[in-house]
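Trainee: Here it is, the structure in full.
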Amino acid sequence: MQAPKGTYDILPADQPLRERVLGEARRIFASAGYGRISTPTFEDTSLFERGVGSSSDIVRKEMYTFQDKGGRSLTLKPEGTAPVVRAYVQHGMHKLPQPVKLWYHERMFRFERPQAGRFREHYQLGAEAIGSADPALDAELIMMMSGIYEALGVPDVALRLSSMGDAGCRPAYVERLSAFLHQSSGELCGDCRERALLNPLRVFDCKNESCEAILADAPKLIDNLCDGCQQHFDSVTGLLDMFGRSYRLDGTLVRGFDYYTRTTFEYECARLGAQKGIGGGGRYDNLVSELGGPATPAAGFGTGMERIVLALESAGVSAAPATIEVFVMILGDAARAAGSQQLHRLRGLGIAAETDYAGRSPKGQMKQANRLGARYAVIIGDEELAAGAATVRDMQLGEQESVAFDGLARHVAGRLGGNRGGTAWA
RNA sequence: GUGGAUGUAGCUCAGCUGGUAGAGCUCCGGAUUGUGGAUCCGGCGGCCGUGGGUUCAAGUCCCAUCAUCCACCCCA
Numbered sequence: 512m513q514a515p516k517g518t519y520d521i522l523p524a525d526q527p528l529r530e531r532v533l534g535e536a537r538r539i540f541a542s543a544g545y546g547r548i549s550t551p552t553f554e555d556t557s558l559f560e561r562g563v564g565s566s567s568d569i570v571r572k573e574m575y576t577f578q579d580k581g582g583r584s585l586t587l588k589p590e591g592t593a594p595v596v597r598a599y600v601q602h603g604m605h606k607l608p609q610p611v612k613l614w615y616h617e618r619m620f621r622f623e624r625p626q627a628g629r630f631r632e633h634y635q636l637g638a639e640a641i642g643s644a645d646p647a648l649d650a651e652l653i654m655m656m657s658g659i660y661e662a663l664g665v666p667d668v669a670l671r672l673s674s675m676g677d678a679g680c681r682p683a684y685v686e687r688l689s690a691f692l693h694q695s696s697g698e699l700c701g702d703c704r705e706r707a708l709l710n711p712l713r714v715f716d717c718k719n720e721s722c723e724a725i726l727a728d729a730p731k732l733i734d735n736l737c738d739g740c741q742q743h744f745d746s747v748t749g750l751l752d753m754f755g756r757s758y759r760l761d762g763t764l765v766r767g768f769d770y771y772t773r774t775t776f777e778y779e780c781a782r783l784g785a786q787k788g789i790g791g792g793g794r795y796d797n798l799v800s801e802l803g804g805p806a807t808p809a810a811g812f813g814t815g816m817e818r819i820v821l822a823l824e825s826a827g828v829s830a831a832p833a834t835i836e837v838f839v840m841i842l843g844d845a846a847r848a849a850g851s852q853q854l855h856r857l858r859g860l861g862i863a864a865e866t867d868y869a870g871r872s873p874k875g876q877m878k879q880a881n882r883l884g885a886r887y888a889v890i891i892g893d894e895e896l897a898a899g900a901a902t903v904r905d906m907q908l909g910e911q912e913s914v915a916f917d918g919l920a921r922h923v924a925g926r927l928g929g930n931r932g933g934t935a936w937a
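Under this note's numbering, the first residue of the first sequence is numbered 512, with each subsequent residue one higher.
The structure is reproduced here in structure tokens:
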């Protein structure tokens, strides 16, 4: 037996680093006034068909769609924005003070061939600011992303920035682009000719060298924005300049969802191999109304937990696992009861305490205490039972003292110091 | 969906032109009749991915299949 293709287990040793990523993100989201939201693992299939767009690859071939026993078509969520917007509409959040700022840490599912940094189930951290067209929000989201990467020490990140325009300028641009592609269609690769018909903007994703050469001369949306979009974009770049956030304007940046308008952005990490996109997002001013809500501008981003972790590991960043503070050594069956009692009392005071369940030799137990990182070993054997006092060994100093069973846990707690709130189960 | 590489102990791998498995790490024990992090010694642990085929004999050759990894497509 093994985990399904593209999935993986997150083992205890993997957790500390991921928790650190989550912790830094949580801190930064809170500092900017974002509240956490959790949405269902699956949604009505139509949510993604309408939200993400039926011309996107995700909807066309990557969704985990199934029928439940009530005959409904459901889909494991492939991205985080549409569900959050659905929740915004469903709960009437447009009546709250705007914008409504939400963040999430959720599992995403896409039926793709696994690869370095790509899985069929993965986790994304993301944020959505719904209910304002203020370019300051676009900049805020972008800065939160780099804030997370910097706080964690993600190496070699770079930002690409573009604008998708809006209904005032994109249609006219797409026509110009289509005309250009039609002219040069004889020299384009098959994929590009297909894209030219289905979704012309996608041709910029092509990595074919000859196509790239042709497309270098193609008109770019970023050079053909209407006044409103141009002003908005200038405000965003102005703010980024003020923050000292470097970026590269890239008219070929086309993101995979159909809902984007105006600002789009993507962070890349050079350490990551082929799947180097570490996070991305943009503005989606039409999505709320498309999903049945009032006309409401919004923007957001998503960033991949696994890709952040891979990037951190490539830079040698790690997080220390939690350690045990006290190890109770039980020497001989006669000491079992007394050992269990002391263990329970220690834990009751909020001390991380462990003992031996494997029948290890005294040496083996000491070794285990050391492995677990215990600061103290509480040794209980025949001698201690006779004296009514345990031997407490300081594992760092190698010094031992005899401490009466009565009050032992408190004594050790005092040595460990710090505030301990736990009385949960003593 | 397409292409390439790889599948031998829990982990990382060795095993030459076919002769029925080995190292390091981990784990357990011993050297220290009740004491760790160093060293030394010993032990546990493998239907050599799976199924066929060739052969007196297959981890080793052939075919198929599955899985993993990397890349394409696309994305986090």
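All residues carry an ideal CB built from backbone N, CA and C; glycine is no exception.
If you reduce the DSSP assignment to three classes, tell me which class Arg704 lands in.
Mentor: Arg704: helix per DSSP, three-state reduction.
Trainee: Please name the residue or residues paired with Ala864 in a DSSP beta bridge.
Mentor: Paired residue(s): Val837.
Trainee: Between the alpha carbons of Phe812 and Met654, how many angstroms are there, rounded?
Mentor: Each residue's alpha carbon lies about 11 Å from the other.
Trainee: Going along the chain, which residues of its own chain have a beta-carbon closer than 8 Å to the beta-carbon of Glu573, five neighbours each way excluded?
Mentor: So the list reads Pro589, Arg621, Phe622, Glu623, once near-sequence residues are dropped.
Trainee: Buried or exposed: Glu910, going by 16 or more other Cβ atoms within 10 Å of its Cβ?
Mentor: Exposed, by the Cβ-count rule.
Trainee: Since Arg618 contacts Thr552 with CB under 8 Å, what's their CB separation in whole angstroms?
Mentor: With 8 Å as the limit, Arg618 and Thr552 qualify as a contact, their Cβ atoms being about 7 Å apart.
Trainee: Looking at the secondary structure, which residues open and close the beta strand (DSSP E) in which Gly793 lies?
Mentor: Gly793 -> beta strand (DSSP E) spans 788-794.
Trainee: Classify Phe776 as helix, strand or coil using the three-state DSSP reduction.
Mentor: Phe776: strand per DSSP, three-state reduction.
Trainee: Within 10 angstroms of its Cβ, does Thr834 collect 16 or more other Cβ (buried), or is it exposed?
Mentor: Exposed is the call here.
Trainee: Taking the continuous beta strand (DSSP E) assigned at Arg904, which residues delimit it?
Mentor: Where Arg904 is concerned, the enclosing beta strand (DSSP E) stretches over 900-905.
Trainee: Measure the Cβ-Cβ separation of Tyr615 and Ile548 and say whether it is below 7 Å.
Mentor: Yes, Cβ-Cβ distance for Tyr615 and Ile548 is below 7 Å.
Trainee: Are the Cβ atoms of Arg713 and Val765 separated by less than 7 Å?
Mentor: Yes, they are a contact pair.
Trainee: Quick check on the DSSP output: the beta strand (DSSP E) that includes Ser800 runs from which residue to which?
Mentor: First-last for Ser800: 798-801, but that is the alpha helix (DSSP H), not the beta strand (DSSP E).
Trainee: Within a Cβ cutoff of 7 Å, which residues of the same chain sit near Gly843, ignoring the five residues on either side of it in sequence?
Mentor: Answer for Gly843: Gly892, Asp893, listed in chain order.
Trainee: Drop a sphere of 10 angstroms on the beta-carbon of Asp728, count the other beta-carbons inside from all chains shown, and report buried for 16 or more, exposed for fewer.
Mentor: The residue is exposed, with fewer than 16 neighbouring Cβ atoms inside 10 Å.
Trainee: With H, G and I counted as helix, E and B as strand and the rest as coil, what does DSSP make of Ser696?
Mentor: Correct three-state label for Ser696: helix.
Trainee: Between the alpha carbons of Arg671 and Ala864, how many angstroms are there, rounded?
Mentor: For Arg671 and Ala864, the distance between alpha carbons rounds to 49 Å.
Trainee: Should Ala937 go down as buried or exposed, given a rule of 16 or more other Cβ atoms within 10 Å for buried?
Mentor: With a pLDDT of 48 at Ala937, under the threshold of 50, the modelled position of that residue is not reliable, and the figure given next carries that caveat. Ala937 should be labelled exposed.
Trainee: Quick check on Tyr545: buried or exposed, where buried means 16 or more other Cβ atoms within 10 Å of its Cβ?
Mentor: When all chains shown are included, Tyr545 counts as buried.
Trainee: Which residues in the same chain as Arg921 place their Cβ atom closer than 6 Å to its Cβ, once the five residues preceding and following it in sequence are excluded?
Mentor: So the list is empty, once near-sequence residues are dropped.
Trainee: Distance, Cα to Cα, Asp917 vs Gln853?
Mentor: Approximately 9 Å between the Cα atoms of the pair.
Trainee: Drop a sphere of 10 angstroms on the beta-carbon of Ile659, count the other beta-carbons inside from all chains shown, and report buried for 16 or more, exposed for fewer.
Mentor: Flag for Ile659 reads buried.
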